[in-house]
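Data first, discussion second: the structure below is written as structure tokens.
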Amino acid sequence: MRKGQTPVLKRVIVDYKKLDNNILNLLVEKFPDGYDDDDIVTYRNASNEVVECVEVRTDDTAYLIKVSKRLVMAMEDFDDSDNEDSEDSDLDTDELESSEEE
């Protein structure tokens, strides 16, 4: 690649059913309050059906995740489970601090 050229990203279309935790994490980081109509990428597939996606990127890949109500639910569930984990760790820290004072 020549200096100043943008690297070509691999483009991957992913259905919500096939999302792994890494991609879900990227989605939640990019859209912490959910995505808006402006974030949706629309294209026609080989069957000439309109497909709506949101895009997240890593260094070498652009993921197009198909938009659906279930995607929103998956993002919310993933974000909720992250918050529960961080709340648990906060409680553990508070308990340690109070027991050290005694």
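In UniProt numbering, the protein residues as written are 1 to 102.
Even for Gly, the Cβ is constructed at its ideal location relative to N, Cα and C.
In this text, all values refer to a predicted model and were calculated from it rather than measured experimentally.
Nonlocal neighbours in the same chain, by C-beta distance under 8 Å from residue i, ignoring five residues either side
i	result
lysine 10	Asp60, Thr61, Ala62
Residue i classed as buried or exposed, judged by whether at least 16 other C-beta atoms fall within 10 angstroms
i	result
tyrosine 43	exposed
asparagine 75	According to the sequence provided, residue 75 is methionine. The question's asparagine does not apply to it. Buried is the call here.
isoleucine 40	exposed
Three-state secondary structure (DSSP) of residue i
i	result
tyrosine 43	strand
tyrosine 16	helix
glutamate 52	strand
leucine 27	helix
leucine 71	helix
proline 32	coil
Distance CB(residue i)-CB(residue j) smaller than 8 Å
i	j	result
residue 106	phenylalanine 78	Outside the displayed span of the chain (1 to 102) sits residue 106, for which this structure offers no information.
leucine 27	valine 56	yes
Cut-off 7 Å between Cβ atoms - residues of its own chain near residue i, not counting five sequence neighbours on either side
i	result
valine 67	Ile40, Glu52, Cys53, Val54
Beta-carbon proximity list for residue i, same chain, < 6 Å, skipping 5 on both sides
i	result
aspartate 15	Lys66
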